[in-house]
Amino acid sequence: MGRLFGTDGVRGIANEELTPELAFHIGRAGAYVLTGDSGRKPRIVVGKDTRISGDILEAALVAGICSVGAEAVIAGVIPTPAIAYLVRSEGFDAGVMISASHNSFEHNGIKFFSGEGYKLRDEIEDRIERIILDKAEEIVAPTHEKIGHISHDDTLVRKYIDFAKQTISGSLRGLKVAIDCANGASSVTAEYALKELGAEVLTIHNRPNGININADCGSTHIEGLMAYVKETGADVGLAFDGDADRVLAVDETGAFVDGDKIMAVCALDMRERGLLEDNTVVATVMSNLGFFVMGEENHLKIKRTKVGDRYVLEEMLKHGHRIGGEQSGHVILLEHNTTGDGLVTGLQLLDVMKRSGRKLSDLAAVMQVYPQVLVNAKVKNEYKNEESYMAVPEIKKKIEEIEAQFTNAGRVLIRPSGTEPLVRVMIEGKDEVCIKNCAEELAQLMEEKLND
1 MGRLFGTDGV RGIANEELTP ELAFHIGRAG AYVLTGDSGR KPRIVVGKDT
51 RISGDILEAA LVAGICSVGA EAVIAGVIPT PAIAYLVRSE GFDAGVMISA
101 SHNSFEHNGI KFFSGEGYKL RDEIEDRIER IILDKAEEIV APTHEKIGHI
151 SHDDTLVRKY IDFAKQTISG SLRGLKVAID CANGASSVTA EYALKELGAE
201 VLTIHNRPNG ININADCGST HIEGLMAYVK ETGADVGLAF DGDADRVLAV
251 DETGAFVDGD KIMAVCALDM RERGLLEDNT VVATVMSNLG FFVMGEENHL
301 KIKRTKVGDR YVLEEMLKHG HRIGGEQSGH VILLEHNTTG DGLVTGLQLL
351 DVMKRSGRKL SDLAAVMQVY PQVLVNAKVK NEYKNEESYM AVPEIKKKIE
401 EIEAQFTNAG RVLIRPSGTE PLVRVMIEGK DEVCIKNCAE ELAQLMEEKL
451 ND
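Per the working numbering, the sequence shown runs over residues 1 to 452.
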């Protein structure tokens, strides 16, 4: 990660870490780098979620964009994947989303999309950082008629809804769907799309007030939707996060259906219809072991990447794969969009249910979720990498003993924290008590050996 940009844009406490001053400089440098010398006034679309800080950051950001001669087209409250889609469909030179995704309201973030609708490559983010922090390049401020300006386009949300709807070919009539909008960006899109497709829609947490985004609701607190589905007798529930780039589901019994299961259902349906390129799905190493077992049992190839949707996307683009994602519900369907899209993913899942006539509990039963236990081990920063801890004979031996004990029915996964002096010890297997004991023992051993 860079000095400003993390794994998903620039993030921080709004007006403390992510200040209007910083937002101005991000807008200015980002517009300068992304638009280049086009010979015309470039256009950048700007969206935001429902956080109270979105207004001040938007004002500062678009001032920075206009200061280098670009036009800032304000879309208002809109999902992140809508910006990725609209950049391409409306011919914008770039896009920016103001959001901190699934985090609580006091956080906010700024994320750019290229003219092709993709998140920025590391080298482009590095260049923007160097301009802001090191004054690595001089930006000449235009004057007179070359100064940029702001416009508003209230039709962009509608264009995204229409796009999402056309990603399925049939009606959803006959399905009773409960949705949790997380008091976020899906409040302006999901209910409209589903109703217009014929579904009966029951909606909770769709009254944003600036501070209730993700507050005990949405995909990070799905227990509310689980209870609501059972209470209302809905056929299925969909829970979005604050910027609606991910979705998780609940079946008709109130049981949780995570991103791995959603990918399994969609991938098998795509294969049946001849749409699964090279019979392959891309997932991260943090997908549940049951997902990989499901792949073997159903003759699917599952490629594993590092944690993070950017690595999933890189693998998909490199080899032409059409579906990939994360357990968190961040699913990329490249046939439709260039980033995770909660509404589009949810619609694909509902479409499978409608065409097959099967309940979600039946469809999701294709995958057994193996118990996972995660234990943090506090270690010195210099010992967080794999070379360091695997160089300790006792740790290496312990990991090998645990893996041998599972005989291909479990695994050990160790990940260093990106922000703290921790390594995260995750163990999966069929026996939850056994894996809990193994994880605690391994974490304790690592703390003993990696703090000298």
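Using N, Cα and C, we set each Cβ at its ideal position, and we do this for glycine too. No experiment lies behind these values; they were computed from the predicted model shown.
Quiz item: From the DSSP output, which residues share a beta bridge with ARG304?
Solution: ALA283
Quiz prompt | Continuous beta strand (DSSP E) stretch holding VAL77: start and end | solution = 71-77
Quiz item: Among the residues of its own chain, which have a CB less than 6 Å from the CB of THR284, if the five just before and after it don't count?
Solution: THR305, VAL307 and GLU326
Quiz item: GLU106 to GLY12, Cα distance in whole Å?
Solution: 9 Å
Practice problem: Assign LYS455 to buried or exposed, taking buried as 16 or more other Cβ atoms, counted over all protein chains shown, within 10 Å of its Cβ. | Solution: Any answer about residue 455 is impossible in this case: the structure gives the chain only from 1 up to 452.
Exercise. Would you check if there are 3 or more beta carbon pairs closer than 8 Å linking the segment 181-195 to the segment 143-150?
Key: no
Quiz item: Opposite ASN209 in the DSSP bridges: which residues?
Solution: DSSP lists no partner for ASN209.
Quiz item: Quick one: Cα of GLY47 to Cα of VAL68, how far?
Solution: 19 Å
Exercise. Please list, in chain order, all residues of the same chain as GLU116 whose beta carbon is under 8 Å from its beta carbon, the five residues on each side excluded.
Key: VAL87, ARG88 and THR338
Practice problem: Name the one or two DSSP bridge partners that SER114 has. | Solution: DSSP output for SER114 lists no bridge partner at all.
Practice problem: Identify whether ASP180 lies in helix, strand or coil by the three-state DSSP scheme. | Solution: strand
Exercise. Would you kindly work out how many angstroms separate the C-alpha atoms of VAL250 and VAL373, rounded to a whole number?
Key: 22 Å
Quiz item: In or out: GLU16 buried (at least 16 other Cβ within 10 Å) or exposed?
Solution: exposed
Quiz item: If you run the structure through DSSP and keep just helix, strand and coil, what is ILE427?
Solution: strand
Exercise. Could you give the DSSP three-state label for MET1: helix, strand or coil?
Key: Confidence at MET1 is low in this model, with a pLDDT of 47, below 50, so the placement of that residue should be treated as unreliable; the coordinate-derived value is given next. Three-state DSSP puts MET1 in coil, outside helix and strand.
Quiz item: How many Å lie between HIS221 and GLU138 at the Cα?
Solution: 46 Å
Quiz item: When you compare each of ALA193, LEU175 and LYS176 to TYR160 by their alpha carbons, which one comes out closest?
Solution: ALA193
Practice problem: Could you check the C-alpha separation between VAL331 and ALA391 for me, to the nearest Å? | Solution: 36 Å
Quiz item: If you draw a straight line from the C-alpha of GLU231 to the C-alpha of GLU297, how long is it?
Solution: 35 Å
Quiz item: Ends of the alpha helix (DSSP H) at GLY47?
Solution: Careful: GLY47 lies outside any alpha helix (DSSP H), inside the beta strand (DSSP E) at 43-48.
Exercise. Would you list the one or two residues that DSSP bridges to HIS107?
Key: ILE13
Self-check item: Spatially closest choice to GLU125 from GLY27, ASP269, GLU71 and TYR85, by CA coordinates
Solution: GLY27
Practice problem: Indicate whether SER187 and THR50 have their beta-carbon atoms separated by less than 9 Å. | Solution: yes
Quiz item: How about ASN214 and ASP260: do their beta carbons lie closer than 9 Å?
Solution: no
Quiz item: From GLU90, LYS135, PHE92 and LEU57, pick the residue whose C-alpha is nearest to that of GLU98; which is it?
Solution: It is worth fixing the name first, because residue 98 is Ile in this sequence and not Glu. Closest by alpha carbon: LEU57.
Quiz item: Considering only residues of the same chain and omitting the five flanking positions on each side of HIS321, which have a CB-CB separation below 8 Å?
Solution: GLU277, ASP278, THR280, VAL281, VAL282, LYS303, GLU315 and LEU334
Practice problem: Taking LYS359 as the reference, give the member of ALA255, GLY410, LEU450 and TYR370 with the closest Cα. | Solution: ALA255
Self-check item: Start-end ranges of the beta strand (DSSP E) lying completely within the segment 369-411, minimum 3 residues
Solution: 372-378
Quiz item: Going by the CB atoms, is the gap between VAL77 and VAL157 shorter than 9 Å?
Solution: yes
Quiz item: Since ALA264 and VAL366 are thought to touch, with beta carbons under 8 Å apart, how far apart are those beta carbons, to the nearest angstrom?
Solution: 6 Å
Exercise. May I ask you to report which of helix, strand or coil DSSP gives ARG415?
Key: strand
Quiz prompt | Three-state class that DSSP yields for LEU445 in the structure shown | solution = helix
Quiz item: How about PHE113 and ALA72: are their beta carbons less than 9 Å apart?
Solution: no
Exercise. Could you work out which residue in ALA23, ARG207, ALA364 and ASN451 is closest to GLU252 when comparing CA atoms only?
Key: ALA364
Quiz item: Quick one, which of ASN108, SER104 and HIS102 has its alpha-carbon nearest SER466's?
Solution: What is shown of the chain runs 1 to 452, which leaves residue 466 out entirely.
Quiz item: Among residues of its own chain, excluding the 5 on either side of LEU275, which ones have a beta-carbon nearer than 8 Å to its beta-carbon?
Solution: ARG322 and GLU335
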